[in-house]
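Notes follow once the structure below has been shown.
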Amino acid sequence: MKQDNKNQNKQGKKTKHKLFKPRKKRSAEEDAAIQYLQSQYEQINPDEVKTFKDFPLSQKTLKALKENNYVTPTEIQRQAIGYALQGKDILGAAKTGSGKTLAFLIPILENLFCKKWTRLDGVGALVISPTRELAYQIYETLRKVGHLHDFSAGLIIGGQNLKFERKRMDQINILICTPGRLLQHMDENPLFSCDQLQILVLDEADRCLDMGFEATMNAIVANLPPERQTLLFSATQTKSVKDLARLSLSFPTYVAPHEQAETVTPESLQQSYIVCEIDEKIGILWSFIRNHLKQKVLVFMATCKQVKYTYDLFCKLRPGISLLALYGTLHQEKREKIYNEFCRKSNVVLFATDLASRGLDFPRVNWVIQYDCPENVDTYIHRAGRTARGVLGKGEGLLMLLPHEEKIVEDLTKARIPINKISVDPSKVMAPQRKIESLLSDNTDLKQTAQRAFVNYLKSVYLMKNKEIFNVQLLDTDAYARSLGLIVPPRIKFLHKYNKTIPNKNKEGENENVLDKLKSNTDDCDGSDQSESEAEEAVQCIKKDKVTKIKKDITKFNFHNDDDDSDEGDFLQVKKKNVNIDAAPIEELPTSKKKAKPLTKAAVAKKILKKKIKVNTTVKFTEDGEAVEDEKKDVKSELAKQFMNENVGGIDIEKAKEVLQEEDKYDKVRFREKVKAKHKEQKRKLKNKRKDEEGEKDDFGSQSESDGPDLSWLPDPDKLYGTKDDNGEVSDDNDDSELRLRDQSVSEDSDEDQKYHRPSKRKLLESKGIPQESITPRKIKKIEDVSASLSVQEAEALAMQLLQKK
Ligand code: ADP
Ligand code: MG
-19 MKQDNKNQNK QGKKTKHKLF KPRKKRSAEE DAAIQYLQSQ YEQINPDEVK
31 TFKDFPLSQK TLKALKENNY VTPTEIQRQA IGYALQGKDI LGAAKTGSGK
81 TLAFLIPILE NLFCKKWTRL DGVGALVISP TRELAYQIYE TLRKVGHLHD
131 FSAGLIIGGQ NLKFERKRMD QINILICTPG RLLQHMDENP LFSCDQLQIL
181 VLDEADRCLD MGFEATMNAI VANLPPERQT LLFSATQTKS VKDLARLSLS
231 FPTYVAPHEQ AETVTPESLQ QSYIVCEIDE KIGILWSFIR NHLKQKVLVF
281 MATCKQVKYT YDLFCKLRPG ISLLALYGTL HQEKREKIYN EFCRKSNVVL
331 FATDLASRGL DFPRVNWVIQ YDCPENVDTY IHRAGRTARG VLGKGEGLLM
381 LLPHEEKIVE DLTKARIPIN KISVDPSKVM APQRKIESLL SDNTDLKQTA
431 QRAFVNYLKS VYLMKNKEIF NVQLLDTDAY ARSLGLIVPP RIKFLHKYNK
481 TIPNKNKEGE NENVLDKLKS NTDDCDGSDQ SESEAEEAVQ CIKKDKVTKI
531 KKDITKFNFH NDDDDSDEGD FLQVKKKNVN IDAAPIEELP TSKKKAKPLT
581 KAAVAKKILK KKIKVNTTVK FTEDGEAVED EKKDVKSELA KQFMNENVGG
631 IDIEKAKEVL QEEDKYDKVR FREKVKAKHK EQKRKLKNKR KDEEGEKDDF
681 GSQSESDGPD LSWLPDPDKL YGTKDDNGEV SDDNDDSELR LRDQSVSEDS
731 DEDQKYHRPS KRKLLESKGI PQESITPRKI KKIEDVSASL SVQEAEALAM
781 QLLQKK
């Protein structure tokens, strides 16, 4: 088995670079061996199989099994492998830790081996697992037992590099994957095809087929060829005809070696439960850990937030043992690291959600603690099954129950789970209550985590299907909050909202909405892990559960104002804060219609309009403090004025268009004027600046402009006889109107000029008897060029000369 990490061209295409080993010519011997193996399949008798060698298996498989000390097949392997080799569809049910993984991996290897499967043949086998960790574990086992074969194997799970996977999908022969990621490739990846699929395996099949994965699995199955072998394995196998029909399994062989066993859990698993109050739980857990410092312990909790809080808190309390936390909202890399660390270490506590409850084969776990009541018997079996695994594995399980949750024990016993009640010695319980409270008062992050843990636990209970066991109304929430170190219990908004809808029987639809939103908001532990369907079913159940029952128990709840609790959206916001529903005196309840009438924004707006208050107006002021009228708001055109005066209801789009076009003309003029004014202002500033500079450079020591010689009378040829246009060409367009406009703008613009009685240049020239026509543009050009390089005095002298000449 080669790990799939080499470049290879698409099927059937010849390539210049041979990046993979050339296909070996199978010898005639090998063909003969395959033929012999296949001929033996029909004669397999599980009762006669003592070791793996008794199965007709390829040498490559047998050698790898031996290398890994797999000599004697387990019961499920003994019974299932034979049927699987014969090509039958299988429904495999066997206890946790009984070796189901090899029961489907060995047939996969043998099937592809006998079909002489090569890399170029594409995906031959597909194994689907409900969680990433389990998929990884199966992949690792496959590498161990299949490394002598020439197939390529791929692990396709969420949280990895999609692009990287995409390029290699067409080269994989055995694909281990989670449903979501597989479907993503099926939908998006043109390189990926399962058309050649020979075997489909669903590990933890009942979980893969439950409603949480329903749509995804249906879509996947629709993409698979119907002529294939299908193997389903689980400790809690589905026998639902509907499920089997979805997979086109009409007559699968049911293999359940432990069907008649006394217990459904491993015999070497010792199981017990305790009953305690909700506020005692954290102290009991802490004391347990302190008393088992040399053990490997796995603690299951209902929600990610609880796991996070307990982990953070216990880390700060320093129990003297390594702590780890595994839950779905963690980054994939972290998940892998934690998984591997827990596998490797021996004295360690792992807090986890049900993400870790299925299939994971952590070695040498001593204790499994179910801190929160499992959702159902199946969940109990899978959680407890993380210990006492394999042939020699031993372990203990402890279930912590609240008094009203004890009913689940009946279900467990009925399902053939041997479980005993034990009691906790109160003198041995050390609840670090004060320490927790002081930690929380110092650390707002930790406090927020505690609040989230509190709310999310209640939500999870609220959404559970079995209302006899999971009844949020029976929980002493204040005591629970205090036990988490929260002196002020967080507000339970979702319950308040729900309860508010109870009195109105017609609000069924609204209740649904609240619950829908709640579902989406709930601490969905692990994405793949928490089934949406469960929440859906919970909604159904709650709806049927006659709201009156909830109302009856409402006295248990106090609603608190805690602004720190930002865990929920606004839709659950409680309008009135600090209200104890039961304590509210009846006469204070809103009775009169007038009082109850809500103050809407529209009402406020109407009031303002009546009072003729101008709202939201901006007034601009000049530097002198005078108000500036906003020109934009004034309409200039007659059409617009008429339009405004008409003041008819609604909008006449066509008329409005015309008005806007009319107004646009005025706007353009206004804009042009503004641009001109701006340019003039810039010129003026530049002029002043130059003057200042010249003043500073004045060799005669005169600093101010007024002290210097008045040169304002000098003719400005540029203005008189034309300007350089933008293209650098001199324009001789100097008609009267142009001149007038310029003169006007100069006088308007520069008050200072008037102050100094500077005559207009035109007038000056006339007064000096210079006819305008007598100065040719070329001369002017020369003057302009020369004067540009002259000093003030030189320019003056030059001007005098010119005038004298004339
Ligand atoms: P299941 O899927 O039934 O829960 P696994 O396949 O995870 O169980 O196997 C549980 C443990 O038993 C693993 O550690 C595995 O290595 C070991 N195991 C499986 N088959 C054999 C065998 N034939 N001999 C010895 N150990 C085995
Ligand atoms: Mg398994």
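At position 322 of the sequence shown (counting the first as 1) the number is 302 in this note's numbering, and the numbers step up by one without a gap.
Note that beta-carbon positions come from the ideal geometry of N, C-alpha and C, so glycine has one too.
Values in this document were obtained by computation on a predicted structure and should not be read as measured data.
Put residue i into one of helix, strand or coil per three-state DSSP.
i	result
residue 217	coil
residue 183	strand
residue 248	coil
residue 464	coil
residue 210	strand
residue 268	helix
residue 241	coil
residue 349	strand
residue 606	coil
residue 375	strand
residue 329	strand
residue 154	strand
residue 774	helix
residue 32	helix
residue 253	strand
residue 304	strand
residue 783	helix
residue 621	helix
residue 380	strand
residue 62	helix
residue 370	coil
residue 473	helix
residue 233	strand
residue 399	coil
residue 51	coil
residue 279	strand
residue 633	helix
Of all the options the options, which has the alpha carbon lying nearest to the alpha carbon of residue i?
i	options	result
residue 210	441, 377, 85, 364	85
residue 48	311, 22, 123	123
residue 268	444, 351, 258, 343	351
residue 386	163, 409, 354, 414	354
residue 67	347, 775, 344, 91	91
residue 36	270, 44, 18	18
residue 253	175, 323, 347	347
residue 64	42, 281, 88, 45	88
residue 237	228, 223, 213	213
residue 94	301, 178, 644, 640	178
residue 639	234, 651, 380, 623	623
residue 234	146, 73, 605, 658	73
residue 392	359, 406, 404, 197	359
residue 115	158, 583, 300	158
residue 261	20, 413, 83	413
residue 127	620, 167, 45, 368	45
residue 472	462, 457, 466	457
residue 435	652, 423, 476	476
residue 294	263, 380, 365, 312	263
Taking residue i and residue j to be in contact with their CB atoms under 8 Å, please state how far apart those CB atoms are, rounded to whole angstroms.
i	j	result
residue 441	residue 464	About 15 Å; that fails the 8 Å criterion.
residue 802	residue 349	Coverage of the chain is limited to positions -19 through 786, which leaves residue 802 absent and any answer about it impossible.
residue 156	residue 119	4 Å
residue 152	residue 103	6 Å
From the beta carbon of residue i, is the nearest beta carbon of chain D less than 7 Å away?
i	result
residue 295	As a matter of chain content, chain D is missing from the structure shown, which is built from one protein chain.
Can we count residue i as close to the ligand GTP, meaning its CB is less than 6 Å from some heavy atom?
i	result
residue 54	With respect to the ligand GTP, the structure offers nothing, as its ligand set consists of the ligand ADP and the ligand MG.
For review: beta carbons within less than 6 Å of any heavy atom in the ligand MG: Here the residues come out as 80, 81, 183, 339.
Is it a yes or a no for the region 301 to 316 touching the region 330 to 343, going by three-plus beta-carbon pairs under 8 Å? Taking 8 Å as the limit for Cβ pairs, the verdict is that the region 330 to 343 does touch the region 301 to 316.
Any 3 or more C-beta pairs closer than 8 Å across the region 104 to 111 and the region 13 to 24: Not touching, per the Cβ criterion.
Does the region 216 to 225 come close enough to the region 339 to 346 that 3 or more CB-CB pairs lie under 8 Å? Touching, no, given that fewer than three Cβ pairs across the two stretches are closer than 8 Å.
Flag this pair as touching only if the region 423 to 432 and the region 275 to 289 have three or more C-beta atom pairs under 8 Å; answer yes or no. The answer is yes - the region 275 to 289 touches the region 423 to 432, with three or more Cβ pairs under 8 Å.
Is the region 137 to 148 touching the region 157 to 174, taking contact as three or more C-beta pairs under 8 Å? At 8 Å Cβ cutoff, the stretches touch.
Can at least three beta-carbon pairs, one atom from the region 394 to 406 and one from the region 273 to 288, be found at a separation below 8 Å? With a cut-off of 8 Å, the region 273 to 288 and the region 394 to 406 do not count as touching, because too few Cβ pairs lie within range.
For the structure I just gave you, are there three or more beta carbon pairs, one from the region 310 to 325 and one from the region 254 to 264, closer than 8 Å? The answer is no - the region 254 to 264 does not touch the region 310 to 325, with fewer than three Cβ pairs under 8 Å.
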